[in-house]
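Chains as they are written, first to last, in the working numbering: chain Y, 1364 to 1708; chain X, 11 to 93.
A quick write-up on the structure given underneath.
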Amino acid sequence: MSTTAPTTGSTPVRRLNTSKAMAEAIAQEMRADPEVIYLGEDVGRYGGIFGSTTGLLDEFGPTRIIDTPISETAFIGLGIGAAVEGMRPIVELMFADFLGVCLDQIYNHMAKIHFESGGNVTVPMVLTTAVGGGYSDGAQHSQCLWGTFGHLPGMKVVVPSTPADAKGLMTAAIRDDGPVVYMFHKGVMGLAWMAKNQRSIGVVPEGEHVVPIGTAAVAHQGADVTVVTLGLSVHHALDVAEKLAGEGIGVEVIDLRSVVPLDRETIIASVARTGRLVVVDEDYLSYGLSGEVIASVVEADPGLLTVAPRRVAMPDIPIPYSHVLEYAALPRPEKIEAAIREVLR
Amino acid sequence: MTDVTFPEMSTEDHHATGVVATWYAADGEQVAEGQLIAEVQMDKVDAEVIAPSAGTITLLVAEGEEVVQGTVIARITQDRSGV
């Protein structure tokens, strides 16, 4: 069974998977604002290869749900131009791995026009992109790369892990007056043909739902150790937290939800309570988010940590295609549990 | 009581089988008319199953179970008390 415990009352609860929640937010914002459009590869008739735009072409037609040729530079540039002229385009880069062919548009134009115009020109654009591995798609289709996007100034970066947050962060991203990179992990979309997990299905508010960008969520409370993570790793961390609760170990799971801005206050407040920190990051280990989180804690107060922090991250290697090797590299629940036990020794 | 059947996704083979890929409602839960309750799959094609009426749902098929199209996969009982 993929669903949570039955409700006892007489009020029906409405659940969606993450991809449907994302599409619902886009549809609601498109109904409210004619300047919102969605463009990218296979976003129209196909409905998005990960279901992010399923059903939107039928309602909004091909002038607002636009299938583009395979030129990321061209159609991201088109989106930037539309945004500068006052529209609110959502542009899909099918896989974050493809940023290499269009990086100039993203980090020299989308991210910098507001700054370079002295604040006179805004770029109210959302760049959506699929991230993450775990399904044998190889080294060029499995990366997270939120550390790369987060490193380049001028863009907000959000990474939902639940259906409700996928809707709320999409609404916030569309309404934001600056560029927002919306990175959805393929493993949390709840797609029937992917490896599913129960946390990809959840109750989603039916009406307007906004999750403010830059606010982390305490996904599970605990007093003994803080686990800071995001994306699919939140689901793994929650599985581990629930298992260890049975042993009397209190694991606090912080779901970052936003990489930029990073909610350092929530991280620091949790570590101040627990004294122990494990950072779980499916992006590469070195020069990335996991180091940034630890630096944020140590810069605030070097005395907060009672033991050395631990990182569970993707090793600095191209992600293997082989299922066995890929799972050996990914931050799987066993590694998260081992790291937690290590800081508790 | 209303039967919820696996959608007739194949017009060529009336005995075609598919799987209930995802339940969006839990056994014994209240559902509203028109609410998404399941996604089913046949030959890599997905279809949504919508609640035909409001009431308490009983799931008769497990997620991932293969069934012939037209099979009753859930029942919805209308309860007058609303509890």
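Think of the CB as a built atom: it goes at the ideal place given N, C-alpha and C, for glycine as much as any other residue.
Nothing here was measured: the structure is a model prediction, and the numbers come from that model.
Quiz item: Looking at C1507 (chain Y) and the ligand MG, is the gap between the Cβ and the nearest heavy atom below 6 angstroms?
Solution: This structure simply doesn't include the ligand MG, nor any ligand for that matter.
Quiz item: Can you round the beta-carbon distance between A1493 (chain Y) and K1549 (chain Y) to whole angstroms, since I take them to be within the 8 angstroms contact cut?
Solution: 5 angstroms
Quiz item: Using 8 angstroms as the Cβ pair cut-off and three pairs as the minimum, do the stretch 1554-1572 of chain Y and the stretch 1603-1619 of chain Y touch?
Solution: no
Exercise. Mind checking which residues open and close the alpha helix (DSSP H) that includes G1510 (chain Y)?
Key: W1509 to H1514
Exercise. May I ask which residues mark the beginning and end of the beta strand (DSSP E) holding G28 (chain X)?
Key: T27 to W33
Quiz item: In chain order, what residues of the same chain lie with their CB nearer than 8 angstroms to the CB of F1413 (chain Y), ignoring the 5 residues before and after it?
Solution: S1382, A1493, F1547, K1549, M1552 and L1554
Quiz prompt | Among Y:I1400, Y:H1504, Y:E1479 and Y:E1700, the one whose alpha carbon lies nearest that of T1426 (chain Y) | solution = Y:I1400
Self-check item: Cutoff 8 angstroms; reference V1641 (chain Y); Cβ partners in own chain excluding five residues on either side
Solution: V1588, T1589, V1590, V1591, P1672, R1673, R1674, V1675, I1699, A1702, I1703 and V1706
Quiz item: Cβ of P1375 (chain Y) less than 7 angstroms from any chain X Cβ?
Solution: yes
Quiz item: Which residues in chain X sit within 8 angstroms of G1553 (chain Y), going by Cβ to Cβ distance?
Solution: T32
Quiz item: Thinking just about the alpha-carbon of each residue, which of Y:E1610, Y:V1566 and Y:V1661 is nearest to the one in I1630 (chain Y)?
Solution: Y:V1661
Practice problem: For Q1584 (chain Y), count neighbouring C-beta atoms within 10 Å of its own C-beta (all shown protein chains included) and say buried if the count is 16 or more, exposed if not. | Solution: exposed
Quiz item: Looking at the unbroken beta strand (DSSP E) that takes in T1589 (chain Y), where does it start and where does it end?
Solution: V1588 to T1592
Quiz item: Three or more C-beta pairs closer than 8 angstroms, one from the stretch 1388-1407 of chain Y and one from the stretch 49-62 of chain X: is that the case here?
Solution: no
Quiz item: Among X:I83, X:G65 and X:G74, which one has its Cα closest to the Cα of M11 (chain X)?
Solution: X:G65
Quiz item: According to DSSP, is F1307 (chain Y) helix, strand or coil?
Solution: Look at the range of chain Y in this structure, 1364 to 1708, and you will see that residue 1307 (chain Y) is not part of it.
Exercise. Examine chain Y for any beta-carbon lying closer than 7 angstroms to the beta-carbon of E75 (chain X), and answer yes or no.
Key: no
Quiz item: In chain Y, what lies closer than 7 angstroms to L41 (chain X) by C-beta?
Solution: Position check: residue 41 (chain X) holds Val in this sequence, whereas Leu was assumed. Simply P1375.
Exercise. Buried or exposed for T1637 (chain Y), please, with buried defined as at least 16 other CB atoms from any protein chain shown within 10 angstroms of its CB.
Key: buried
Exercise. Please confirm if D56 (chain X) has its CB atom under 7 angstroms from at least one CB of chain Y.
Key: yes
Quiz item: Tell me which same chain residues have a C-beta within less than 7 angstroms of the C-beta of M1364 (chain Y), skipping the five on either side of it?
Solution: With a pLDDT of only 38 at M1364 (chain Y), under the threshold of 50, the placement of this residue in the model should not be trusted, and no figure is reported.
Self-check item: Distance between G1594 (chain Y) and S1505 (chain Y) (C-alpha atoms, nearest Å)
Solution: 13 angstroms
Quiz item: the stretch 1556-1584 of chain Y: which residues have C-beta closer than 8 angstroms to a C-beta of chain X, in chain order?
Solution: W1556, K1559 and I1564
Quiz item: Grouping DSSP H, G and I as helix and E and B as strand, with all else coil, what is T21 (chain X)?
Solution: coil
Self-check item: First through last residue of the beta strand (DSSP E) which encompasses S1621 (chain Y)
Solution: S1621 to V1623
Self-check item: First and last residue of the uninterrupted alpha helix (DSSP H) at E1479 (chain Y)
Solution: I1476 to E1479
Quiz item: Rounded to a whole number of angstroms, what is the C-alpha to C-alpha distance between E76 (chain X) and G1565 (chain Y)?
Solution: 24 angstroms
Self-check item: chain X within 7 angstroms of T1366 (chain Y), Cβ atoms only
Solution: Its pLDDT being 47, under 50, T1366 (chain Y) is placed unreliably in this model, and the coordinates cannot settle the point.
Quiz prompt | Residues sharing a beta bridge with A1527 (chain Y), DSSP | solution = In DSSP, A1527 (chain Y) forms no bridge with anything.
Exercise. Please list, in chain order, all residues of the same chain as E42 (chain X) whose beta carbon is under 6 angstroms from its beta carbon, the five residues on each side excluded.
Key: Residue 42 (chain X) is actually Ala in this sequence, not Glu. A64.
Quiz item: So with Cβ pairs under 7 angstroms, would you call E79 (chain X) a contact of chain Y?
Solution: In the sequence as presented, Glu is not what sits at residue 79 (chain X); that position holds Gln. False, the Cβ-Cβ gap to chain Y never drops below 7 angstroms.
Self-check item: CB contact check: Y1408 (chain Y) to chain X, cutoff 7 angstroms
Solution: Checking the sequence, you will find Arg at residue 1408 (chain Y) rather than Tyr. R1408 (chain Y) does not count as touching chain X.
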